[in-house]
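What follows is a short report on a single structure.
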Amino acid sequence: MEIKQFFKTPSLAEISKYKNHREISENLIENLLNINPDEAIIIRKDLIPSKYPNAKKFKKHGIEIIIPRYESLEQAVKIKKTPVQLRERVFNKIKNKAYRGYSFKPFTGTDKRTRNVLLDDCLEGAKICAYTKQDIKFKPLINVKVYDDAGRVQKDGAEAIIKVPSRIKNQSNYEFKFSSIPVIDSPEKWGISYNIMTTHNCKDKLFNIRYNYLHDKENSRQFNFCAHEIAAYLAIIDYYWNNKKNIIPLQMNQFAIPTQYAVNFYNILCRNTLIQTSKDKNPRKLNKVEKEILLWGLVHKKGHDKTFFARDKIKNYDWGFKKAVL
Ligand SMILES: [Zn+2]
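Residue numbers (the numbering used here): 2 to 327.
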């Protein structure tokens, strides 16, 4: 399995060969933002709290950011806060802690599983979108075919069949159904957007299947979105805006869209950063959970708008190395 060129990041051996090396154990975010392109940073610190024996356990049971829960459609319609307004409120109040992601929860319809989202997947999803916007001969594409003319759309949202390219060479596209897409400006849209789900399966999602501890209040089965689904939703937003001048899918979007600033930081994590925890004999690249923890660290330091409130078109982002500007 070879990763496509666009998604490749330097290997451990390549990062180890960078001209300058610096070890850090505090002020991680500021230090990472101040890096030079030819510099490798080695984090000498355990990022995953010691009460979790490993990254997998933290991913399942670590602290998550809870997007405020509604009890009824009436309540949501009355409060009238879009998902991005709710994210702004909670993202700006987070503490200097390790978080495993954020979650939102449906309050209408039958599938009330909690929906989990990782910032890491929001970045990877945006990257898959950027991949499809490249100016190359065999242009890869996220294919969107929508089904939105049935009478049920106002109540249940639209459906779409999506094809998303794989990040692996010579691997066929992922094809799946996306449902509960808010497309009509009706009171129901405030509930529909919380029910979004797909039929997609990939390796990332299979590893994610989890069951809550017995005493958790919310349903034991959870729905974990992956980068392919986030890329798909971003393509749905584009489709409705470009073809129908319909902004509702964007207005009710549940996925945090990274800014160029967040992309720059993410590139530093993928291209310049190694870690050596108390369990590691030698430095290694960051795992997904550690990147997630550092992305929340960036949100804590810089706030929601600078990191995950995208005002520019993500297709115009620069995914190469660029020094983040403090
Ligand atoms: Zn996937």
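For every residue, glycine included, the Cβ atom is placed at its ideal position computed from N, Cα and C.
Identity of the residue in the options nearest residue i by Cα
| i | options | result |
| --- | --- | --- |
| Ala127 | Phe7, Ile248, Val184 | Phe7 |
| Val264 | Pro141, Ile129, Asp112, Glu27 | Ile129 |
| His305 | Leu87, His201, Leu142, Ile169 | Leu87 |
| Lys245 | Ala151, Asn21, Val147 | Val147 |
| Asn28 | Tyr19, Ile16, Leu48 | Leu48 |
| Val91 | Ile67, Ile25, Ala14 | Ile67 |
| Pro141 | Lys170, Arg116, Ala159 | Lys170 |
| Ile25 | Tyr19, Leu13, Ala41, Phe226 | Ala41 |
| Gln261 | Tyr318, Ile193, Lys280 | Tyr318 |
| Glu293 | Pro84, Ile4, Val118, Asn37 | Val118 |
| Ala232 | Leu299, Ile315, Ser104, Ser73 | Ile315 |
7 angstroms Cβ shell around residue i - same chain, five flanking residues per side excluded
| i | result |
| --- | --- |
| Gln155 | Ile185, Ser187, Glu189 |
Cut-off 8 angstroms between Cβ atoms - residues of its own chain near residue i, not counting five sequence neighbours on either side
| i | result |
| --- | --- |
| Lys96 | His301 |
| Tyr53 | Phe59, His62, Gly63 |
| Ala277 | Checking the sequence shown, residue 277 turns out to be Gln, not Ala. Ile43, Ile44, Arg45, Asn283, Pro284, Arg285. |
Under the three-state DSSP convention, the category residue i falls into
| i | result |
| --- | --- |
| Gly102 | strand |
| Leu124 | helix |
| Arg168 | coil |
| Ser194 | helix |
| Lys46 | coil |
Residue i Cβ short of 7 angstroms to ligand 1 heavy atom set
| i | result |
| --- | --- |
| Tyr175 | yes |
| Glu31 | no |
| Lys128 | no |
| Ala161 | no |
| Cys203 | yes |
| Cys271 | no |
Same chain only: Cβ atoms within 6 angstroms of residue i, ignoring 5 sequence neighbours per side
| i | result |
| --- | --- |
| Tyr267 | Leu124 |
Exposed unless 16 or more other CB atoms sit within 10 angstroms - verdict on residue i
| i | result |
| --- | --- |
| Asp239 | buried |
| Gln352 | Because the chain is modelled from 2 through 327, residue 352 falls outside the range shown and cannot be assessed. |
| Gly321 | exposed |
| Ala151 | exposed |
| Thr111 | exposed |
| Gln255 | buried |
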